[in-house]
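Structure record follows, encoded as structure tokens.
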Amino acid sequence: MNPLKYLGGYPPAVLDKARQLIDRDELGDYLARRHPGRHAIQNDKALYAYVNALRQEHLRHAPGIDRVWYDSKLDVIGRALGLHTAISHVHGGRLKARKEIRIAALFRDTAPEFLEMIVVHELAHLKEAEHNKQFYQLCEYMQPDYHQQEFDLRLHLTWRDVLASRAA
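So that you can map any letter, position 51 of the sequence shown is 57 in the numbering used here, and since no number is skipped, the others follow by simple counting.
Set out below in structure tokens:
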């Protein structure tokens, strides 16, 4: 198992630092210091309200979201942590599109910054389909420390894998 699979693309110095934290069994403590709290958004209704509030605050002219929910299967399918979909169907001779956002259930028990980061990421897809410069600028606009939170989330996922491998 590659313990740093979530950190691909980062410079070797960053990867070495992450390996050192893992080897010294300090990564969990590091993350606990940086992100000590857990959010209170535990059900789909609260998640929908949270996502919609962020959309209203930052993307007023973006299309509305029809459904938002925690998806327990999302974590294991292709390592996706969030997913946005536009489902089109014919209804009474008209084509209707429903916009949906699914958030991996693992985010029920994470720091509020991680939930915000994944929601911001999925909301940015309402305006920008691709992961391009404009997409990441939009993410930074909605969450000014987006890149740091994404990195910390990747460290959190790495720590989860380390713990799982030790338990096995």
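Every residue, glycine too, gets a C-beta built ideally from N, C-alpha and C.
Which complete beta strand (DSSP E) runs does the segment 112–136 hold, if anything under 3 residues is left out? none
Practice problem: Throw me the rounded Cβ distance for the ARG61 and ALA55 pair, which I believe falls under 8 Å. | Solution: On the sequence shown, position 55 is the one that residue 61 refers to. On the sequence shown, position 49 is the one that residue 55 refers to. Their Cβ separation, rounded to whole angstroms, is 11 Å, which puts ARG61 and ALA55 out of contact at 8 Å.
At the level of alpha carbons, what is the spacing between VAL82 and ARG73?
Within the sequence shown, residue 82 is the residue found at index 76, counting from 1. Within the sequence shown, residue 73 is the residue found at index 67, counting from 1. For VAL82, the predicted model reports a pLDDT of 49, less than 50, meaning its position is unreliable; a value from the coordinates is still stated below. For VAL82 and ARG73, the distance between alpha carbons rounds to 21 Å.
Could you tell me the distance, in whole angstroms, from the CA atom of ALA24 to the CA atom of GLU106? The sequence position of residue 24 within the sequence shown is 18, counting from 1. The sequence position of residue 106 within the sequence shown is 100, counting from 1. Answer to the nearest angstrom: the Cα atoms are 35 Å apart.
Keeping to the same chain, check which residues put their C-beta closer than 7 Å to that of GLY1; ignore five residues upstream and five downstream.
One cannot answer for residue 1 here, as it falls past the ends of the chain, which runs 7 to 174.
Exercise for review: Can you say whether ASP158 is buried or exposed, counting buried as having 16 or more other CB atoms within 10 angstroms of its CB?
Suggested key: The residue given as residue 158 occupies position 152 in the sequence shown. With 16 or more other Cβ atoms within 10 Å, it is buried.
TYR54 bridges to which residues according to DSSP? As a position in the sequence shown, residue 54 is number 48, starting the count at 1. DSSP, once it has assigned bridges, lists no residue as partnering TYR54.
*asked:* Can you look up ASP77 in the DSSP assignment and give me helix, strand or coil?
replied: As a position in the sequence shown, residue 77 is number 71, starting the count at 1. Here ASP77 sits in strand by DSSP.
task = May I ask you to report which of helix, strand or coil DSSP gives ALA103?
result = Taking the sequence shown and counting its residues from 1, one reaches residue 103 at position 97. Looking at ALA103 - three-state DSSP - the assignment turns out to be strand.
**Message:** DSSP has ALA59 in a bridge; who is on the other side?
**Reply:** Position 53 of the sequence shown, counted from the start, is the residue given in the question as residue 59. Note: ALA59 sits in no beta bridge, so no partner.
- Which residue comes first and which comes last in the alpha helix (DSSP H) that contains ASP175? In the structure displayed, the chain extends from 7 to 174; residue 175 sits before or after that span and is not available.
- Would you tell me roughly how many angstroms separate the C-alpha atoms of ARG160 and GLU63, rounded to the nearest one? Numbered from its first residue, the sequence shown carries residue 160 at position 154. Numbered from its first residue, the sequence shown carries residue 63 at position 57. ARG160 and GLU63: Cα-Cα distance of roughly 26 Å.
- Limits of the unbroken alpha helix (DSSP H) element including LEU65: Sequence index remark: in the sequence shown, residue 65 carries index 59 (1-based). Careful: LEU65 lies outside any alpha helix (DSSP H) and carries neither H nor E.
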